[in-house]
Amino acid sequence: MKRLLTILITLCWIGPALADGLTDMNDEERYVFQQEIRAYLLEHPEVLMEAIAVLEERQNQDQASTDAALIAANSKAIFNDNYSWVGGNPKGDVTLVEFLDYRCTYCRRAHDEIAELVKSDGNIRLVVKEFPILGEQSMLSSRLAIATLHKAGPEIYQKLGDFLMTFNGSLTQNNMAELLKKLGADPEVILPYMDSDAVTGQIGVVHELARKLEISGTPTFVIGQGMIRGYAPLANMREIVAYTRDKLN
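Per the numbering used here, numbering through the sequence shown is continuous, rising by one, with the last residue being 284.
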């Protein structure tokens with residue numbers, strides 16, 4: 036058994052090199068070797084789980100290193116772009132950046148939790164990147180949001196975002212106009228501006244940044260030197276913020 040365990044460990048570390056050596060075996064030797072490995076794994080399936088866990092950990096470490104390098108190379112565009120909405124504490128010691136799509140199920144699930152995180156912490160600077168990727172209504176929602184930010188300001192933008200995260204119907208010229216009026220914004224100013232070069236350009240810049248960061252889904256969060264690709268429960272987000280704050284200090 037010790038011999039088999041040694042073989043398995045060796046396979047994990049020098050598999051490619053050992054594969055060349057296996058070609059030197061004759062058919063009978065190769066068959067015996069394969070049967071020994073098979074019998075051992077059937078008797079000790081936990082070895083496979085351990086090997087998978089090691090592989091996943093290495094992949095996670097590689098991804099974290101890649102993410103840190105991508106963030107460092109695009110830091111200003113991520114954290115201080117001068118066009119994205121900034122909420123929470125503008126002078127917070129931790130900046131949390133979210134790439135979102137208003138039609139994304141997990142963005143919607145995260146929305147209230149992120150609001151609670153920012154409110155309860157009190158020292159988080161939140162940056163929202165409009166990243167519509169789920170079709171025409173996603174794009175229309177982001178165009179409306181960006182146009183509102185430019186023409187009506189950050190407070191109405193935030194209220195609009197809260198609404199869009201719970202709205203399940205289709206946006207139309209009529210219901211967008213009514214919504215803007217209810218929020219205290221002027222639809223005659225905002226609706227024509229939705230197709231402006233400024234709005235189109237901002238969406239394009241965010242999509243290009245996402246490409247550079249290898250972001251293809253929402254929500255994606257950037258915090259410190261790391262990325263969270265997908266939804267994370269509130270408790271996990273609190274831990275990540277605490278870890279990031281500790282690293283920064």
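All C-beta atoms in this analysis are idealised placements derived from N, C-alpha and C, irrespective of residue type, glycine included.
I'd like to check one pair, M272 with D76: are the Cβ atoms closer than 8 Å?
Position check: residue 76 holds Leu in this sequence, whereas Asp was assumed. No.
Within the continuous alpha helix (DSSP H) that includes R160, where are the two ends?
Here R160 belongs to no alpha helix (DSSP H); instead the beta strand (DSSP E) covers 159-165.
Can you tell me whether DSSP reads M285 as helix, strand or coil?
Nothing in the structure corresponds to residue 285, since the chain is present only between 36 and 284.
Give the DSSP bridge partners of G122, in chain order.
L161
Would you mind reading off the limits of the beta strand (DSSP E) that contains L135?
129-135
List the whole-angstrom C-beta distance separating I250 from F68, where the pair is believed to meet the contact cut-off of C-beta under 8 Å.
So it is not a contact: roughly 45 Å between Cβ atoms.
Cα-Cα separation between D230 and R178, rounded to whole angstroms
7 Å
Per DSSP, what are the beta-bridge partners of F256 in this structure?
E133, I263
Count the other CB atoms within 10 Å of the CB of V89; is the residue buried (16 or more) or exposed (fewer)?
exposed
Which residues in the same chain have their Cβ closer than 7 Å to the Cβ of L218, if we skip the five residues on either side of it in sequence?
I191, K194, L195
Should S176 be labelled buried (16 or more other beta-carbon atoms within 10 Å of its own) or exposed?
buried
I'd like to know if the stretch 100-112 and the stretch 257-268 are in contact, where contact means that at least 3 CB-CB pairs between them fall below 8 Å.
Between the stretch 100-112 and the stretch 257-268 there are three or more C-beta pairs closer than 8 Å, enough to call the two in contact.
According to DSSP, is A86 helix, strand or coil?
helix
D136 and S173 - do their beta-carbons sit closer together than 8 Å?
yes
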